[in-house]
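The working numbering puts the first residue of the sequence shown at 41, with every later residue one more than the last.
All remarks here apply to the structure that follows.
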Amino acid sequence: MADQTTTPAVPVPNSAFADPPATPTAAEAAAKDFLNGFRELTKKLPKFDSPHPITAASVRGRLNTPPAFAKAVAGAVAVSPDLQAITGYDLEAAQTDVQQLEAVKPVIAEVRTFLKAMVFWANTKQVKLNNSGLTMYNMARVLARDPNYAHIGALADTMADAKRRKKRQTASQAGQQPQNGGPIVQTTTTTTPTH
Numbered sequence: 041m042a043d044q045t046t047t048p049a050v051p052v053p054n055s056a057f058a059d060p061p062a063t064p065t066a067a068e069a070a071a072k073d074f075l076n077g078f079r080e081l082t083k084k085l086p087k088f089d090s091p092h093p094i095t096a097a098s099v100r101g102r103l104n105t106p107p108a109f110a111k112a113v114a115g116a117v118a119v120s121p122d123l124q125a126i127t128g129y130d131l132e133a134a135q136t137d138v139q140q141l142e143a144v145k146p147v148i149a150e151v152r153t154f155l156k157a158m159v160f161w162a163n164t165k166q167v168k169l170n171n172s173g174l175t176m177y178n179m180a181r182v183l184a185r186d187p188n189y190a191h192i193g194a195l196a197d198t199m200a201d202a203k204r205r206k207k208r209q210t211a212s213q214a215g216q217q218p219q220n221g222g223p224i225v226q227t228t229t230t231t232t233p234t235h
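Next comes the structure, spelled out in structure tokens:
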């Protein structure tokens with residue numbers, strides 16, 4: 041009888057068990073903690089309405105009136121029973137709105153300053169990474185010309201694909217339209233010529 045060769049069975053992964061979640065990095069954990077804390081802080085403020093194409097235009101049109109005007113009107117109505125008798129003006133609501141606006145102004149200024157610094161910090165780090173990455177990419181291209189390092193060519197091609205993909209994304213973002221009546225947030229990108 042001829043010998044029979046038995047092919048060992050290939051183990052099949054058990055799809056019932058999902059891959060364990062990736063361990064978050066220290067930076068991701070810190071960012072998550074910040075966001076959680078930030079969201080808790082926002083709960084102490086009034087609920088904000090998001091801009092909408094229908095409402096955004098009317099809001100912009102009325103912002104040309106100085107903020108002091110609304111405060112002056114509320115103050116005048118507060119001391120005049122005759123003005124309080126006129127319907128259509130809610131004095132209590134107006135006084136509450138004036139107080140909230142006065143209180144939130146320093147918050148807005150602080151958040152804007154913080155956001156500006158954070159965006160600049162992120163852009164600075166991105167430029168640093170881009171510069172060092174471009175240096176490594178150019179060195180990899182030079183090294184791949186040597187037959188002894190032919191395998192580096194595939195790695196350089198992967199870097200080049202990622203570099204071209206970033207340019208395509210930037211070009212597509214140029215044609216974006218504002219959402220909900222709000223402005224498009226533009227991010228600063230640094231373009232270095234390809235050698």
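Beta carbons are placed, not taken as given, at the ideal position from N, Cα and C, and that holds for glycine.
On the CB-based measure, 16 or more other CB atoms within 10 Å of its CB, does residue i come out buried or exposed?
i: Y129; result: exposed
i: Y189; result: exposed
i: A202; result: exposed
i: A114; result: buried
Can residue i and residue j be called in contact, C-beta distance under 8 Å?
i: A184; j: M199; result: no
i: A138; j: A110; result: First, the amino acid is wrong: residue 138 is Val here, not Ala. It is a contact, given that the beta carbons lie within the stated cut-off.
i: Q140; j: P86; result: yes
i: A196; j: Y177; result: yes
i: A116; j: L131; result: no
Return helix, strand or coil for residue i, following the three-state DSSP convention.
i: T136; result: helix
i: N76; result: helix
i: A162; result: helix
i: N104; result: coil
i: K84; result: coil
i: T198; result: helix
In its own chain, which residues sit with a C-beta less than 6 Å from the C-beta of residue i, not counting the 5 before and 5 after it?
i: V225; result: Reliability fails at V225, whose pLDDT of 45 lies under 50, so the model's placement of it is uncertain and no value is given.
i: K84; result: none
i: I192; result: A180, L183 and A184
With a CB to CB cut of under 8 Å and the five nearest residues on each side skipped, what residues in its chain are close to residue i?
i: P64; result: K72
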